[in-house]
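To start, the structure itself, in structure tokens.
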Ligand SMILES: NC(=O)c1ccc[n+]([C@@H]2O[C@H](COP(=O)([O-])OP(=O)(O)OC[C@H]3O[C@@H](n4cnc5c(N)ncnc54)[C@H](OP(=O)(O)O)[C@@H]3O)[C@@H](O)[C@H]2O)c1
């Protein structure tokens, strides 16, 4: 049975642009009230106004840099003070960097790890117990097809996403109920601000962010929930092929994609 999100509250990180905006709209269409979190207040508020006008759900915005030390605890404290119960958590906030490791800015990759991994793990650990206690909830982590093979030129980013995929499937394996869904959604290149932020060029077919939302809801609605899904048929095949190739061969192929000045 698909979960009924009407009147529930969905916390969506990274919902000021790109994939997070469309995920927020998707949960609003299903009647969930929203908590939108990101750093750019004006963008968050514009998204909130648009969603409230279109669907009539309650949308709250919280400006928070989730890569900052103590940020997740601060967010949790703000929500607790406001008496918010989180029924759905979407850990979508994330960014990539596209340089050889030797050229990476060490502060930036440390922030990348704190956001892509640290905040995601801590928010999952914070809100999963309540969902299990109430026997209802969903945690969706946004992974990437970059998680399926080493990516020279994006060593830190692809490794954060490999962590997200393994972490999510492991937690999925710990669940004893189907009423709490834990899922990692792995998009390939998707239209958003991602490539501009990462200073990278997209490779292959760039999909609309709605494809991520459709894949996510199909997986959440499934009778037998799976821990991990890939967005798009070609991306699914490529991910499977990557798993079958030896590390040396797959790394050589991947280095053609994102390794600059190869
Ligand atoms: N686009 C792709 O090709 C692609 C492919 C696979 C996976 N993904 C993943 O999809 C997710 C969403 O990315 P996107 O493609 O939609 O890119 P995007 O348009 O750049 O969105 C990233 C979102 O994360 C927020 N964010 C970034 N740093 C943050 C921080 N320190 N604290 C709080 N929020 C922060 C951004 O908002 P603010 O700047 O306002 O903080 C924005 O709302 C990411 O996890 C990304 O790795 C993207």
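Numbering (this note's numbering), first residue to last: 867 to 1128. Quick reminder that beta carbons are idealized off the backbone N, C-alpha and C, glycines included.
- Query: The beta strand (DSSP E) with residue 943 in it runs from where to where?
  - Reply: Within the chain shown, the letter at position 77 stands for residue 943. Per DSSP, residue 943 belongs to no beta strand (DSSP E); it is in the alpha helix (DSSP H), 937-947.
- Secondary structure at residue 1019, three-state DSSP: helix, strand or coil? In the chain shown, residue 1019 corresponds to position 153, counting from 1. Three-state DSSP puts residue 1019 in coil, outside helix and strand.
- Query: On the three-state DSSP scale, how would you describe residue 1073?
  - Reply: Within the chain shown, residue 1073 is the residue found at index 207, counting from 1. In this structure, residue 1073 counts as strand in the three-state DSSP scheme.
- Task: Per DSSP, which residues does residue 1094 bridge with? Please list them.
- Result: In the chain shown, the residue the question calls residue 1094 occupies position 228. Within the DSSP bridge table, the entry for residue 1094 names 1050 as partners.
- Query: Going by Cα to Cα distance, which pick from 941, 1112, 994 is closest to residue 1041?
  - Reply: Locating residue 1041 in the chain shown gives position 175, where the first residue counts as 1. Of 941, 1112, 994, the smallest CA-CA separation from residue 1041 is found for 994.
- Message: Just verifying my parser: in three-state terms, what is the DSSP assignment at residue 890?
- Response: Residue mapping note: residue 890 aligns to position 24 of the chain shown, counting from 1. Reduced to three states, the DSSP call for residue 890 is helix.
- By how many angstroms is the C-alpha of residue 1046 removed from the C-alpha of residue 1115? Numbered from its first residue, the chain shown carries residue 1115 at position 249. Numbered from its first residue, the chain shown carries residue 1046 at position 180. In a straight line, the C-alpha of residue 1115 is about 38 Å away from that of residue 1046.
- Whole angstroms is fine: what's the gap from residue 967's alpha carbon to residue 921's? Your numbering for residue 967 matches position 101 in the chain shown. Your numbering for residue 921 matches position 55 in the chain shown. Residue 967 and residue 921 have their C-alpha atoms roughly 45 Å apart.
- Message: Taking 8 Å as the cut-off, does the segment 1083-1091 touch the segment 1105-1121 (at least 3 CB pairs, one atom from each stretch)?
- Response: No, because fewer than three Cβ pairs between the segment 1105-1121 and the segment 1083-1091 fall closer than 8 Å, the two stretches do not touch.
- Message: Closest to residue 867 by C-alpha separation, out of 1117, 1083, 948, would be which residue?
- Response: By 1-based counting over the chain shown, the position of residue 867 is 1. For residue 867, the nearest C-alpha among the options comes from 1083.
- Query: Could you check where the beta strand (DSSP E) with residue 1007 kicks off and where it finishes?
  - Reply: By one-based count along the chain shown, residue 1007 stands at place 141. Residue 1007 -> beta strand (DSSP E) spans 1003-1008.
- Message: Spatial neighbours of residue 937 within its chain, please: C-beta separation below 8 Å, excluding the five flanking residues on both sides.
- Response: Taking the chain shown and counting its residues from 1, one reaches residue 937 at position 71. If you ignore the 5 residues before and after residue 937, its C-beta comes within less than 8 Å of the C-beta of 930, 931, 985, all in its own chain and listed in chain order.
- Task: Let me know if residue 1110 comes out buried or exposed under the rule of 16 or more other beta-carbons within 10 Å of its beta-carbon.
- Result: On the chain shown, position 244 is the one that residue 1110 refers to. When all chains shown are included, residue 1110 counts as exposed.
- Item | Three-pair Cβ contact test at 8 Å for the segment 1007-1022 versus the segment 970-984 | Output reads yes: the segment 970-984 touches the segment 1007-1022.
- Task: Keeping to the same chain, check which residues put their C-beta closer than 6 Å to that of residue 832; ignore five residues upstream and five downstream.
- Result: Here the chain covers residues 867 to 1128 and nothing more, so residue 832 does not appear.
- Task: Would you mind stating whether residue 1129 and residue 952 have Cβ atoms separated by less than 9 Å?
- Result: In this structure the chain extends from 867 to 1128, so residue 1129 is not present and cannot be described.
- Item | Distance cut-off 8 Å: residue 983 Cβ against heavy atoms of ligand 1 | Locating residue 983 in the chain shown gives position 117, where the first residue counts as 1. Short note on residue 983: C-beta not closer than 8 Å to any heavy atom of ligand 1.
- Among 908, 960, 887, 1018, which has the Cα closest to the Cα of residue 978? Against the chain shown, residue 978 aligns to sequence position 112. With distances taken between CA atoms, residue 978 lies nearest to 960 out of 908, 960, 887, 1018.
- Query: What's the gap between the Cα of residue 1067 and the Cα of residue 870?
  - Reply: Locating residue 1067 in the chain shown gives position 201, where the first residue counts as 1. Locating residue 870 in the chain shown gives position 4, where the first residue counts as 1. Their Cα atoms are separated by approximately 39 Å.
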